[in-house]
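K.L.:
Protein chains in written order, with this note's numbering: chain L, 497 to 837; chain R, 497 to 837.
In this text, a Cβ means the ideal position worked out from N, Cα and C, and glycines have one as well.
This is the structure, below, for whatever I ask next.
Protein chains: 2
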Amino acid sequence: MIIAHVIIHSMKLSEIGEFGLIDKINALIESRAEKSSPAWKNLIVGIGDDAACWKNSSAYTLATTDCLVDGVHFKTGQSSWSNLGWKALAVNMSDIAAMGGTPEYTLVTLGLPEDVLVEDVLQMYEGMLEISNRFGVAIAGGDITASQTLFISIAVNGSSDGKPLLRAGVKPGDLIALTGYTGLAAAGRKLLESNKAELDSPSVHAFLKPSPRLAEGKLILESGGHACIDISDGLAADLGHICQASKVGAVIHVDKIPIHPELKSEFPGQALDLALGGGEDYELLFTAPAEVIARIKVKSQTLVSIIGEIVAGNSGHVRILDRAGEEYHLKNPGWNHFRHG
Amino acid sequence: MIIAHVIIHSMKLSEIGEFGLIDKINALIESRAEKSSPAWKNLIVGIGDDAACWKNSSAYTLATTDCLVDGVHFKTGQSSWSNLGWKALAVNMSDIAAMGGTPEYTLVTLGLPEDVLVEDVLQMYEGMLEISNRFGVAIAGGDITASQTLFISIAVNGSSDGKPLLRAGVKPGDLIALTGYTGLAAAGRKLLESNKAELDSPSVHAFLKPSPRLAEGKLILESGGHACIDISDGLAADLGHICQASKVGAVIHVDKIPIHPELKSEFPGQALDLALGGGEDYELLFTAPAEVIARIKVKSQTLVSIIGEIVAGNSGHVRILDRAGEEYHLKNPGWNHFRHG
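Okay, structure coming up:
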């Protein structure tokens with residue numbers, strides 16, 4: 497690899513063209529992909545044909561897509577190319593996790609300015625290979641095109657033997673639970689923007705290289721959880737989404753929200769607002785009866801916190817109560833593209 | 497619909513935000529999608545959850561993705577938004593056709609500048625609904641994001657009960673056959689660029705609103721065809737692709753290439769080069785023994801022309817012979833992004 501590295505150093509995309517880049521990507525995948533996973537074994541046609549093809553081996557197929565755009569979701573230079581590749585795939589795998597499924601196949605579409613360095617694109621694939629190898633996902637195809645704006649549009653197919661966890665499954669009387677900590681990714685973004693970031697801090701790591709909660713999603717499904725969502729828009733906003741889909745309301749208690757020590761130390765005045773409103777956490781928010789959550793807590797290797805309860809009626813409304821039982825008003829309720837003010 | 501049309505007229509995306517647009521798209525799909533197809537019936541979770549979910553009903557899943565970028569694949573203003581939506585889905589369905597499969601589910605990712613009109617985005621969905629209804633495809637999910645450059649990244653999942661048609665299946669002795677006419681789309685693009693286009697002419701139609709050859713792809717698979725590809729890069733270039741994948745060579749004869757009357761009349765000196773090198777035709781190029789092609793010709797409702805034969809060795813090399821048996825040299829061998837000169 498070192499030899500290849502030297503040869504392609506500072507070579508621009510325009511020098512080798514679309515097909516030249518695809519050849520290099522294919523060679524990288526062939527040399528690095530760990531093809532022992534069920535997904536790779538069931539893949540009949542991968543990169544290089546009109547479409548990918550795999551043998552079905554489960555009752556249900558899951559499919560999701562998520563796109564990262566330069567200047568919107570990331571800034572080139574702020575994240576390494578490798579982390580960018582990891583994250584682009586991680587956010588899609590997180591959607592599969594939120595259904596309780598297993599991610600299996602991915603199609604990778606890149607829109608690339610012609611002065612992008614070939615080396616950087618291959619580094620992005622190194623990051624995608626790192627996470628796809630970890631979770632047994634096969635890179636099955638994609639599309640590469642010129643674009644003035646750099647973007648990475650990923651589709652992931654997954655499988656589930658049982659009916660998946662839906663947003664609309666919440667039932668009145670359910671408790672609301674959360675894996676891990678929220679607000680870290682937003683804190684990491686703030687630290688990077690103020691140039692105060694240490695690259696190995698938990699918050700910067702959460703922002704640049706989030707981990708999909710795949711084991712936890714499966715555990716929630718198998719244990720009898722009612723509904724689940726991954727937190728990409730912010731805890732309060734995503735709780736609103738599942739309540740709206742389920743036509744119920746929710747009450748959460750600020751003193752039950754787990755606050756990571758780094759949030760407290762770096763953003764003492766904003767820690768709670770970051771935990772409630774910061775997006776891109778990719779933790780799982782789920783609802784279930786108390787006894788189901790108790791079982792999940794025993795089996796989970798990740799922190800699971802009960803943060804509130806579901807109430808009948810009041811569709812989609814989330815009440816946030818402080819220690820005194822008073823309504824707490826969040827400043828930034830969540831992420832919404834395009835909308836100003 | 498007329499009332500909605502008036503209300504949303506000239507409303508910009510930035511005024512209603514991502515979630516507002518998604519609500520309008522969902523309402524449009526709910527009102528227009530014809531949900532009687534097997535794909536819609538097997539869809540368990542559609543738009544609005546973390547991932548889409550459907551019940552598997554075939555042995556193999558096919559998956560493909562293709563992206564259209566403003567300024568690269570289309571120019572806003574040159575095509576109607578409705579045709580753009582049609583084409584973005586058509587080019588993906590064409591990849592499924594080239595495998596002999598049935599397209600079933602699509603995920604639609606839009607990268608949208610914030611000053612795009614909501615009405616135009618909904619028109620784009622009207623075009624997608626037109627073609628998805630025609631072929632029974634379910635719009636199962638997607639992602640909408642801000643982007644300075646407008647792009648449409650589509651993933652389509654399909655199914656096949658038998659092993660699909662591959663590029664690598666060509667065998668020496670196969671004949672080479674083609675559905676329909678090539679070069680029309682390139683001609684349509686040229687006519688539009690020179691402002692000489694009539695919008696209902698066959699070439700402009702081929703460029704702006706191509707039809708995937710789904711019935712033909714299935715017929716080729718069921719009849720015992722060996723290999724197939726859809727012509728997106730140009731007839732000669734795509735023939736090179738399947739020959740390279742199959743480690744064989746090919747000979748094609750210029751006097752056997754079907755030339756559409758409009759190519760002859762509009763581009764008398766370039767008709768052959770357009771037919772051999774013009775891209776984006778989305779016709780199917782396939783190889784099979786003579787008796788298989790004979791059966792396909794009888795059953796096909798589309799023109800099928802035998803244009804040459806496969807030869808052993810000479811991997812990936814395509815010889816083009818003129819009427820005198822001399823080598824014919826094509827000026828523009830095919831489409832390759834990024835590459836200059």
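Do you know offhand how far L/H531's Cα is from L/E622's?
P.N.:
Checking the sequence shown, residue 531 of chain L turns out to be Lys, not His. So the two alpha carbons sit approximately 15 Å from each other.
K.L.:
Using the C-alpha atoms, what's the distance from R/L564 back to R/F570?
P.N.:
Whole-angstrom Cα-Cα distance: 7 Å.
K.L.:
To the nearest angstrom, report how far apart R/A732 and R/A711 are at their CA atoms.
P.N.:
Straight-line Cα distance between these residues: approximately 23 Å.
K.L.:
Could you list which residues in chain R have their beta carbon closer than 9 Å to that of L/K571, in chain order?
P.N.:
Per Cβ cutoff of 9 Å: no residues; L/K571 is ~13 Å from chain R at best.
K.L.:
In the region 592-609 of chain L, which residues sit with their C-beta less than 9 Å from some C-beta in chain R, listed in chain order?
P.N.:
Flagged, chain order: I592, A593, A594, M595, G597, Y601, L603, V604, T605, L606, G607, L608.
K.L.:
Unbroken alpha helix (DSSP H) runs of length 4 or more, entirely within the region 723-752 of chain L: which are they?
P.N.:
Qualifying alpha helix (DSSP H) stretches, in chain order: 731-742.
K.L.:
At a cut of 8 Å, does the region 639-649 of chain R reach the region 547-558 of chain R through at least three beta carbon pairs?
P.N.:
No, because fewer than three Cβ pairs between the region 639-649 of chain R and the region 547-558 of chain R fall closer than 8 Å, the two stretches do not touch.
K.L.:
Does the count of Cβ pairs from the region 791-807 of chain L and the region 745-756 of chain L closer than 8 Å reach three?
P.N.:
Touching, yes, given that three or more Cβ pairs across the two stretches are closer than 8 Å.
K.L.:
Spatial neighbours of R/H813 within its chain, please: C-beta separation below 6 Å, excluding the five flanking residues on both sides.
P.N.:
Contacts found: G745.
K.L.:
Please tell me whether L/A559 and L/A651 are closer than 8 Å, where the distance is taken between their beta carbons.
P.N.:
Cβ distance < 8 Å, so L/A559 and L/A651 count as in contact.
K.L.:
Could you work out which residue in L/W536, L/I525, L/L608, L/S590 is closest to L/L509 when comparing CA atoms only?
P.N.:
Measuring from the Cα of L/L509, the nearest candidate turns out to be L/L608.
K.L.:
Which class does R/I551 belong to by DSSP, given the choice of helix, strand or coil?
P.N.:
Residue identity check: residue 551 of chain R is Lys in the sequence provided, not Ile. R/K551: strand per DSSP, three-state reduction.
K.L.:
Start and end of the alpha helix (DSSP H) containing L/L608?
P.N.:
Here L/L608 belongs to no alpha helix (DSSP H); instead the beta strand (DSSP E) covers 598-608.
K.L.:
Can the beta-carbon of R/V541 be found less than 8 Å from the beta-carbon of L/P785?
P.N.:
Cβ distance not < 8 Å, so R/V541 and L/P785 don't count as in contact.
K.L.:
Rounded to a whole number of angstroms, what is the C-alpha to C-alpha distance between R/A638 and L/G765?
P.N.:
Per the sequence shown, residue 638 of chain R should be read as Gly rather than Ala. If you take the alpha carbons of R/G638 and L/G765, they lie about 37 Å apart.
K.L.:
I'd like to check one pair, R/A594 with R/C724: are the Cβ atoms closer than 8 Å?
P.N.:
Going by C-beta atoms, R/C724 is nearer than 8 Å to R/A594.
K.L.:
Closer than 8 Å between beta carbons: that is the criterion. Which residues of the region 725-748 of chain R meet it against chain L?
P.N.:
Result list: I725, D726, A741.
K.L.:
Could you compute how far the alpha carbon of R/P534 sits from the alpha carbon of L/L613?
P.N.:
One C-alpha to the other measures close to 45 Å.
K.L.:
Going straight from the alpha carbon of R/A820 to that of R/T561, what length do you get?
P.N.:
About 42 Å.
K.L.:
Using a beta-carbon distance below 8 Å, is R/T560 in contact with chain L?
P.N.:
So, interface residue.
K.L.:
Go ahead and pull the three-state DSSP assignment for L/I498.
P.N.:
Low local confidence applies: a pLDDT of 39 at L/I498 is under 50, so the model's placement there is unreliable, with the coordinate-based value given in what follows. L/I498 falls in the helix class under three-state DSSP.
K.L.:
Please list, in chain order, the chain R residues whose beta carbon lies closer than 8 Å to that of L/R663.
P.N.:
The answer, in chain order, is G544, D545, D546.
K.L.:
Using a Cβ-based criterion (distance less than 7 Å to any ligand heavy atom), does L/T645 qualify as near the ligand SAM?
P.N.:
This structure simply doesn't include the ligand SAM, nor any ligand for that matter.
K.L.:
In angstroms, rounded to a whole number, what distance separates the CA positions of R/E787 and R/M589?
P.N.:
Looking at the two C-alpha atoms, the distance is approximately 28 Å.
K.L.:
Is there a Cβ of chain R sitting closer than 8 Å to that of L/K485, yes or no?
P.N.:
With chain L covering only 497 through 837, there is no way to say anything about residue 485 of chain L.
K.L.:
How about L/A673 and L/G774: do their beta carbons lie closer than 8 Å?
P.N.:
For L/A673 and L/G774, no; Cβs fall outside 8 Å.
K.L.:
Express the C-alpha separation of R/Q574 and R/L688 in angstroms, rounding to a whole number.
P.N.:
Rounded to whole angstroms, R/L688 to R/Q574 spans 7 Å at the Cα level.
K.L.:
Between the region 670-701 of chain R and chain L, which residues of the former have a C-beta closer than 9 Å to a C-beta of the latter?
P.N.:
Taking 9 Å as the Cβ-Cβ cut-off against chain L, none of the residues of the region 670-701 of chain R qualify.
K.L.:
Taking the C-alpha atoms as reference points, what is the distance between L/E514 and L/A523?
P.N.:
So the two alpha carbons sit approximately 14 Å from each other.
K.L.:
So what does DSSP say about R/N653, is it helix, strand or coil?
P.N.:
If DSSP states are grouped into helix, strand and coil, R/N653 belongs with the strands.
K.L.:
Can you give me the C-alpha to C-alpha distance between L/L781 and L/L772, rounded to a whole angstrom?
P.N.:
Distance between the alpha carbons of L/L781 and L/L772: 12 Å.
K.L.:
List the residues of chain R that L/K520 touches, going by C-beta distances under 8 Å, in chain order.
P.N.:
Result: empty, since nearest Cβ-Cβ is about 13 Å, beyond 8 Å.
K.L.:
Around the Cβ of R/G567, are there at least 16 other Cβ atoms within 10 angstroms (buried) or fewer (exposed)?
P.N.:
Classification of R/G567: exposed, given that the 10 Å Cβ count is below 16.
K.L.:
Does any residue of chain L bring its CB to less than 8 Å from the CB of R/S649?
P.N.:
For R/S649, the answer is yes, since a Cβ of chain L falls inside 8 Å of its Cβ.
K.L.:
Which class does R/V612 belong to by DSSP, given the choice of helix, strand or coil?
P.N.:
Reduced to three states, the DSSP call for R/V612 is coil.
K.L.:
Smallest Cα separation from L/R630: which of L/E776, L/E511, L/S796, L/W582?
P.N.:
The residue with the shortest Cα to Cα distance from L/R630 is L/W582.
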